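So for the sequence shown, our numbering puts the first residue at 29; every next one is plus one.
In what follows, a structure is listed as structure tokens, so that the remarks can point back to it.
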Amino acid sequence: MPKIKICQKCILPETFPGIKFDENGVCKYCLKEASALANATEKKADYHKKFDQLIQDTKDKAPSYDVIMAYSGGKDSTYTLKLLKEQYNLRIIGLTFDNHFVSPGAWKNIEKVADILQIDCIRFRPPWPVAHQIFSLTAGKDIFSKPTLLRASSVCTACIGLVKSLVLKTALEMSIPLVAFGWSPGQAPIQSAIMKTNPALIRQTQSALKKAFPAEINSSMDSYFIPETYYERYKDRFPQNIHPLAFFDYNEAHIKHELTEMGWQAPSDTDTNSSNCLLNAFANQAHIERNGFHPYVWEIANMVRQGIMDRDEGIEKIYTEQNREMVEYAKKRLGL
Ligand SMILES: [Zn+2]
29 MPKIKICQKC
39 ILPETFPGIK
49 FDENGVCKYC
59 LKEASALANA
69 TEKKADYHKK
79 FDQLIQDTKD
89 KAPSYDVIMA
99 YSGGKDSTYT
109 LKLLKEQYNL
119 RIIGLTFDNH
129 FVSPGAWKNI
139 EKVADILQID
149 CIRFRPPWPV
159 AHQIFSLTAG
169 KDIFSKPTLL
179 RASSVCTACI
189 GLVKSLVLKT
199 ALEMSIPLVA
209 FGWSPGQAPI
219 QSAIMKTNPA
229 LIRQTQSALK
239 KAFPAEINSS
249 MDSYFIPETY
259 YERYKDRFPQ
269 NIHPLAFFDY
279 NEAHIKHELT
289 EMGWQAPSDT
299 DTNSSNCLLN
309 AFANQAHIER
319 NGFHPYVWEI
329 ANMVRQGIMD
339 RDEGIEKIYT
349 EQNREMVEYA
359 KKRLGL
């Protein structure tokens with residue numbers, strides 16, 4: 029059991045910024061969300077219907093692909109890929125951001141899954157000096173806003189920000205109407221599971237991401253962002269973002285079983301909160317040291333609250349020390 033006080037229902041700790049507990053030790057998020065959770069099944073069915081309609085409207089209409097998937101090779105994005113292919117038979121292209129810390133096991137999974145599902149893949153790899161700059165900066169310092177840091181470490185936020193930017197840029201260039209993500213139901217709310225992007229919104233998020241980085245790093249990342257000319261030139265091409273795991277049945281054991289059947293294997297060299305990234309353990313530890321809470325606690329607490337993860341399993345994932353070897357491995361590679 030963790031040494032600090034945590035919510036009796038979910039697992040948010042007393043060190044989580046702004047948290048309050050009632051007399052039974054239940055946090056304000058659990059109290060607030062009880063009513064929303066009551067009609068979760070209805071809401072999921074609603075979104076499922078909306079999604080089926082969206083697929084009907086978009087499938088086979090674009091010149092090349094129906095969907096580009098941000099494909100990390102981890103279990104959630106692999107399962108999403110499988111759903112999109114097997115249940116909807118979409119024309120899919122996957123984009124994997126090679127952050128130089130993708131586990132060799134994850135690469136094997138990516139290749140195997142892409143072959144089995146017959147999916148084209150792009151591997152986007154920034155040169156090491158650029159990746160090194162981005163990750164040594166974010167491992168050592170929190171460069172993003174406080175609300176952002178409640179949900180993820182600076183390392184993850186930087187990496188995912190670039191992934192989002194690259195898949196969107198590719199979607200615009202290739203005229204792909206859907207951009208898919210494998211967010212777990214704890215990572216992103218169902219309200220954003222089907223969301224049309226637009227130039228104004230994207231310009232704003234791009235600018236926030238860019239501004240977080242110092243100028244000398246920004247200059248080497250220029251081509252990873254949406255060029256200003258695209259907002260006008262491709263204004264009619266802005267895609268729908270989708271993350272279907274928010275409204276499909278989500279059960280980690282079932283997902284792992286289905287993936288294993290396909291030949292996907294959980295890498296043995298990643299931490300308990302990632303099935304693809306070798307930098308994650310160090311990113312987690314740095315975040316805990318600076319902020320006093322685990323960067324995955326929000327996601328895992330959501331899943332516990334929604335009843336899709338066991339509370340004990342959540343506690344185990346969040347309140348266990350980071351694997352020292354993995355922390356040292358990442359530190360050494362970053363020269364820190
Ligand atoms: Zn709670």
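Quick reminder that beta carbons are idealized off the backbone N, C-alpha and C, glycines included.
Note that the structure is predicted; figures quoted are calculated from it, not measured.
For SER25 and LYS103, which I take to be in contact (beta-carbon distance under 8 Å), what is that distance rounded to the nearest angstrom?
Past the boundaries of the shown model lies residue 25; the chain is included only from 29 to 364, so the question cannot be answered.
Using CA coordinates, which residue listed in PRO30, CYS58, PHE49 and THR43 is at the minimum distance from GLY335?
Across the set PRO30, CYS58, PHE49 and THR43, the C-alpha of CYS58 shows the shortest separation from the C-alpha of GLY335.
Any heavy atom of ligand 1 inside 8 Å of the beta-carbon of ALA186?
False, no ligand heavy atom lies under 8 Å from that Cβ.
Count the other C-beta atoms from every protein chain shown that fall within 10 angstroms of the C-beta of PRO41, then say buried if there are 16 or more, exposed otherwise.
Label assigned to PRO41: buried.
Check: ARG318 C-beta below 8 Å from any heavy atom of ligand 1:
Result no, Cβ not under 8 Å from ligand 1.
Note down, one range per segment and in chain order, each alpha helix (DSSP H) of at least 4 residues found wholly within the region 285–337.
Listed in chain order, they are 308–319 and 325–333.
Can we say the region 159–170 touches the region 194–212, given the rule of at least three CB pairs closer than 8 Å?
With a cut-off of 8 Å, the region 194–212 and the region 159–170 do not count as touching, because too few Cβ pairs lie within range.
When you compare each of ARG361, ASP299 and GLU286 to LEU111 by their alpha carbons, which one comes out closest?
Residue GLU286 is the option with its Cα nearest to LEU111.
Exercise answer, beta-carbon shell around ligand 1 heavy atoms below 7 Å:
Every residue whose Cβ sits closer than 7 Å to any heavy atom of ligand 1 is listed here in chain order: CYS35, LYS37, CYS38, LEU40, VAL54, CYS55, TYR57, CYS58, ALA329 and ARG333.
Cutoff 8 Å; reference PHE79; Cβ partners in own chain excluding five residues on either side:
Answer for PHE79: ALA221, ILE222, ILE270, PRO272 and PHE275, listed in chain order.
Residue of GLN219, ILE120 and ARG318 minimising C-alpha distance to ALA199:
For the options GLN219, ILE120 and ARG318, the alpha carbon positioned closest to that of ALA199 is the one of ILE120.
Using only CA atoms, which one of HIS315, HIS282, LYS345 and TYR259 lies nearest to ASN301?
Of HIS315, HIS282, LYS345 and TYR259, the smallest CA-CA separation from ASN301 is found for LYS345.
Simplified DSSP state of PRO242, which is helix, strand or coil:
The answer is coil: DSSP assigns PRO242 none of H, G, I, E or B.
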